[in-house]
Structures are given as C-alpha cells and as structure tokens.
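There are 2 protein chains.
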Amino acid sequence: MIDPFDDAYFMKRALVEAEAAYELGEIPVGAVVVVNNTIIARAHNLTERLIDVTAHAEMQAITAAANYLGGKYLHKCTLYVTLEPCQMCAGALYWSQIDRVVYGAADEQRGCKTMGTKLHPKTTIEGGVLAEEAKQLLKRFFVEKRNLN
Amino acid sequence: MIDPFDDAYFMKRALVEAEAAYELGEIPVGAVVVVNNTIIARAHNLTERLIDVTAHAEMQAITAAANYLGGKYLHKCTLYVTLEPCQMCAGALYWSQIDRVVYGAADEQRGCKTMGTKLHPKTTIEGGVLAEEAKQLLKRFFVEKRNLN
Numbered sequence: 070m071i072d073p074f075d076d077a078y079f080m081k082r083a084l085v086e087a088e089a090a091y092e093l094g095e096i097p098v099g100a101v102v103v104v105n106n107t108i109i110a111r112a113h114n115l116t117e118r119l120i121d122v123t124a125h126a127e128m129q130a131i132t133a134a135a136n137y138l139g140g141k142y143l144h145k146c147t148l149y150v151t152l153e154p155c156q157m158c159a160g161a162l163y164w165s166q167i168d169r170v171v172y173g174a175a176d177e178q179r180g181c182k183t184m185g186t187k188l189h190p191k192t193t194i195e196g197g198v199l200a201e202e203a204k205q206l207l208k209r210f211f212v213e214k215r216n217l218n
Numbered sequence: 070m071i072d073p074f075d076d077a078y079f080m081k082r083a084l085v086e087a088e089a090a091y092e093l094g095e096i097p098v099g100a101v102v103v104v105n106n107t108i109i110a111r112a113h114n115l116t117e118r119l120i121d122v123t124a125h126a127e128m129q130a131i132t133a134a135a136n137y138l139g140g141k142y143l144h145k146c147t148l149y150v151t152l153e154p155c156q157m158c159a160g161a162l163y164w165s166q167i168d169r170v171v172y173g174a175a176d177e178q179r180g181c182k183t184m185g186t187k188l189h190p191k192t193t194i195e196g197g198v199l200a201e202e203a204k205q206l207l208k209r210f211f212v213e214k215r216n217l218n
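Here the protein sequences line up with chains A and B, keeping their order. Heads up, the first sequence is in the numbering used here, so the first residue is 70 and it goes up one at a time. Heads up, the second sequence is in the numbering used here, so the first residue is 70 and it goes up one at a time.
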C-alpha cells in the first residue's frame, strides 16, 4: 500500500518553504514540523529580512511548533528541513528532545555532522530525502547572487 | 589607573539579568552585549515563560544587539554571559562573527567546550569572570526547585 504521508511528501512541503525564502532573496532553506501526519509548523530562512542570524528555518519552526503544542518539548514530532541543520539549529533540536530529524541536502561545510554537534539521545536523524531538489535550489540562488554582484 | 569598565563590571550587569530570570522561576542565566563600553542589549533566560527552548539569554541578546546595530554581524562586540554557552548559543555566536565572548561559570555537562562547538575564527572566548556568583545563583535555584517538588 502506498503511504501518501511519506518522508517525500513532507519534504516537498519543506521545499515549498525553501522556495518562499528564495523569492525573498534569502538563502533558500525551508522546514516543517509534523506530528501524527499533520504539519503543525512551517518556516523558512529569514536571516536577511529580520537582520538576525538566529532566524534559520529550523529555529522558527521549533518555536512555532512549541507554541502550537503548548509545551516546549517536541516529543513525537519530526522536523523536515531541506538542508542539514547547522550547529545552532542542531543545538536547539537537542533541547527540544524531538523524536526525528529528516533533512534533504547535506551541508558538508557547516552541517551538524561535520561540526560534530550532538543531538538528544532520543533523537534520530537521517538525510538525503529530495536532496537533489534542495541542492539545485541552493545552487540556483548562489549562482544568481554571484551574477548580481 | 583603574578601568571602571572592566569585564567584572559588565558581568555584574549580566548577573543582574540572571537574577531577573531567577525571580521569574527561570534557570538563572543572564547576558549583555557590549560595544565601545556601552551595553546595547540585555536579556535573561525565558524558556519557561515563552515555552520555547530557543529563548536562552544569549539568543535573545544576539537578536536584540543586531536589531540595535541594524546589521546581523556583531563585529567589535563582546557578549557577557553568566554561564558557558550551550551548542545552540555557541552556534548562533558562530554566525554572528562576534569579537569576544566572556562567560562566568563553566557548564561542564552541556557547555560548548565539552560539546566541542566551534566558534567563528574571529571570536575569542574566555570564562571564569565572577564564576562563583553565577554558580551560587544557579545552585540556589536548583536547590529550591528540588525542595518544591
């Protein structure tokens, strides 16, 4: 039986968020938080617009999900994010005790795996879901940015 | 000549913030951001009140300082924080490219040194300024919390 709510389904929603960031001239990264097959938070990178290095998609999604749940721990939740989380976002996910993190493209320079950031023992993490789509969007952004300057 | 604006001076201001957190029943950690001997941001931990694991003192101080400066990089700034930053906060400080981080008490369990979080190459970090005061306040908080439960 086909599961309509598989990882690709939710990662596509995160990609829609990444595209919204792209349209705003932000580094295109998007995220959604899911519990029981329901999206309870969605966000995209807004570091330029908010003039705030902490405004990564994941950070906003964590805050919004906790607000929705009325509790600060994201037990039974999954975060889908189009790019591997950085140290800051992985550190926030650590505190959230989230069940599961699924990312798209790897960030070999500044991703939490390369940087060795620890997640909570309760948390599982996996990457590579619609990685090519996420990577192509990022590539398009940086190529255009380079041509503009 | 005595410098009235030494590290202890600003750490005392961070401790005032930590005490404000304590009064609210929050884990007592406070922070200030300083540029040219002027405090441009002050914040204390609000994770319980805001129901948000990302609401550490440092995170709010980084956001407030960038808002004050009108730019997201905290060049020439020093962050004073009463407790060694965690992975999340050190990760945010990494992105901010802040000049200097000064902390009070060490956090041997979840501090950025133990966790191996990387700061920006431009950033220097040192600890131990009014460490005993910060530690005693934290100790008092956890002893009282234990007795209440």
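No residue lacks a Cβ here, since even glycine has one placed at the ideal position from N, Cα and C. Note that this is a predicted model, so its numbers are computed, not measured.
Are the CB atoms of residue i and residue j nearer to each other than 8 Å?
| i | j | result |
| --- | --- | --- |
| Ala-174 of chain B | Ala-203 of chain B | yes |
| Thr-183 of chain A | Gln-156 of chain B | no |
| Arg-169 of chain B | Thr-151 of chain B | no |
| Pro-190 of chain A | Tyr-172 of chain A | no |
| Val-102 of chain B | Ala-124 of chain B | no |
| Val-122 of chain A | Ile-194 of chain B | no |
| Leu-206 of chain B | Pro-97 of chain B | yes |
Which class does residue i belong to by DSSP, given the choice of helix, strand or coil?
| i | result |
| --- | --- |
| Leu-188 of chain B | coil |
| Ile-120 of chain B | coil |
| Arg-169 of chain B | strand |
| Glu-177 of chain B | coil |
| Ile-131 of chain B | helix |
| Glu-195 of chain B | strand |
Could you spell out where the beta strand (DSSP E) holding residue i opens and where it closes?
| i | result |
| --- | --- |
| Leu-148 of chain A | 147-152 |
| His-125 of chain A | Run containing His-125 of chain A: none; DSSP gives neither H nor E here. |
| His-113 of chain A | 107-113 |
Using only alpha-carbon positions, find the residue among the options that is nearest to residue i.
| i | options | result |
| --- | --- | --- |
| Leu-138 of chain A | A:Ser-165, A:Val-170, A:Thr-151 and A:Pro-154 | A:Ser-165 |
| Ala-100 of chain B | B:Arg-82, B:Asn-106, B:Leu-93 and B:Glu-92 | B:Arg-82 |
| Ala-112 of chain A | A:Asp-121, A:Ile-120 and A:Ala-90 | A:Ala-90 |
| Ile-34 of chain B | B:Tyr-149, B:Glu-95 and B:Tyr-142 | Residue numbering for chain B in the displayed model covers 70 to 218; residue 34 of chain B lies beyond these limits and cannot be assessed. |
| Asn-105 of chain A | A:Ile-96, A:Pro-97 and A:Leu-143 | A:Leu-143 |
| Ala-159 of chain B | B:Leu-217, B:Gln-205, B:Lys-214 and B:Thr-192 | B:Thr-192 |
| Ile-120 of chain A | B:Asp-72, B:Phe-211, B:Asn-136 and B:Phe-74 | B:Asn-136 |
| Glu-228 of chain A | A:Ile-71, A:Arg-209 and A:Gly-196 | This structure cannot settle anything about residue 228 of chain A, because the visible part of chain A is limited to 70 through 218. |
| Gly-180 of chain A | B:Tyr-163, B:Ile-167, B:Glu-95 and B:Gly-196 | B:Tyr-163 |
| Val-212 of chain A | A:Gly-94, A:Lys-141, A:Leu-188 and A:Gly-140 | A:Gly-94 |
| Lys-145 of chain A | A:Phe-74, A:Lys-214, A:Leu-188 and A:Ile-167 | A:Ile-167 |
| Glu-127 of chain A | A:Lys-141, A:Gly-140 and A:Ala-110 | A:Ala-110 |
Quick one: give me the first and last residue of the alpha helix (DSSP H) that residue i is part of.
| i | result |
| --- | --- |
| Glu-202 of chain B | 200-217 |
| Val-98 of chain A | Taken as a continuous stretch (DSSP letters only), Val-98 of chain A belongs to no alpha helix (DSSP H), as it is neither H nor E. |
| Tyr-91 of chain A | 76-92 |
With a threshold of 8 Å between beta carbons, is residue i in contact with chain D?
| i | result |
| --- | --- |
| Gly-99 of chain B | Of the chains in the structure shown, none is chain D; the protein chains are A and B. |
Using 7 Å as the cut-off, classify the Cβ of residue i as near or not near the heavy atoms of the ligand ATP, replying yes or no.
| i | result |
| --- | --- |
| Met-80 of chain A | Annotation note on the ligand ATP: not contained in the displayed structure, which lists no ligands. |
Task: Three-pair Cβ contact test at 8 Å for the stretch 109-125 of chain A versus the stretch 84-91 of chain B - done: no
Task: Segment contact, 8 Å Cβ cut-off, at least three pairs: the stretch 167-183 of chain A with the stretch 74-81 of chain B - done: Here the stretch 167-183 of chain A does not lie against the stretch 74-81 of chain B, with fewer than 3 beta-carbon pairs under 8 Å apart.
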